[in-house]
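Colleague: The opening residue of the sequence shown carries number 4 in my numbering; numbering runs sequentially from there.
If you scroll down you'll find the structure; I have some questions about it.
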Amino acid sequence: MVTTIKPDTPLRQRTDHVHRPRAIHPGTPLPFGVHLRNGGAQFSLFSRNAVKVFLLFFGSPADNHPVATIKLNPNHYRTGDIWHVWVEGVKAGQYYAYRIEGPYRPRHGHRFNKHKVILDPY
């Protein structure tokens, strides 16, 4: 499955140094983290209890809002407990993070908050 990414902000608001992702593919679940390969980047994240995962791209570390967001469909971008995607056009220096949705049950160790931006744990 190939998906085109829709920007969150108009192109005129973007900075010139932002690497604009063009298309995405499921990629592979391993290795964890982000790895540059084949003209893009492979992202992989473990979360057993997540129900939605969004990959966010930022123009700079000071940005409050992403310039592009990829919603990972679990039917295509999840293998077991691993969420993964390969994104064409991502280069070294790209700022990114995740937004992860799931249950909020602190007594069971689940503290998902869809309003929080999560840095890559790897």
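Each residue gets a CB set at the ideal place from its N, CA and C atoms; glycine is no exception.
Per DSSP, what kind of secondary structure is Y107 in: helix, strand or coil?
Modeller: Position 104 of the sequence shown, counted from the start, is the residue given in the question as residue 107. Correct three-state label for Y107: strand.
Colleague: Is F46 near the ligand HEM, going by C-beta to nearest heavy atom under 7 Å?
Modeller: No copy of the ligand HEM appears in this structure; indeed no ligand is present at all.
Colleague: Relative to the C-alpha of Y99, which residue among P32, A44, R110, G30 is closest?
Modeller: As a working mapping, residue 99 is identified with position 96 in the sequence shown. Residue A44 is the option with its Cα nearest to Y99.
Colleague: Quick one: Cα of L58 to Cα of N41, how far?
Modeller: Counted from its first residue, the sequence shown places residue 58 at position 55. Counted from its first residue, the sequence shown places residue 41 at position 38. So the alpha carbons of these two residues sit roughly 19 Å apart.
Colleague: So does the region 47-55 actually touch the region 29-36, counting three or more Cβ pairs closer than 8 Å?
Modeller: Touching, yes, given that three or more Cβ pairs across the two stretches are closer than 8 Å.
Colleague: When the Cα of W101 is compared with those of P69, V93, R25, which residue comes out closest?
Modeller: Taking the sequence shown and counting its residues from 1, the one referred to as residue 101 is at position 98. The sequence shown places Tyr at residue 101, rather than the Trp named in the question. Ranking the options by Cα distance to Y101, first place goes to P69.
Colleague: Taking only the alpha-carbon atoms, compute the straight-line gap between H28 and R108 and give it to the nearest angstrom.
Modeller: Here the question's residue 28 lines up with position 25 in the sequence shown. Here the question's residue 108 lines up with position 105 in the sequence shown. The alpha-carbon atoms of H28 and R108 are separated by roughly 32 Å.
Colleague: Note down the Cα distance separating H113 from G92, rounded to an integer number of angstroms.
Modeller: Position 110 of the sequence shown, counting from 1, holds the residue named residue 113. Position 89 of the sequence shown, counting from 1, holds the residue named residue 92. If I take the Cα positions, the gap works out to 34 Å.
Colleague: Sort out for me which residues DSSP pairs H68 with in a bridge.
Modeller: Within the sequence shown, the letter at position 65 stands for residue 68. BP columns for H68 are empty, so no partner.
Colleague: Between the alpha carbons of P106 and F115, how many angstroms are there, rounded?
Modeller: Mapped onto the sequence shown, residue 106 falls at position 103. Mapped onto the sequence shown, residue 115 falls at position 112. Spanning the two alpha carbons is a distance of roughly 6 Å.
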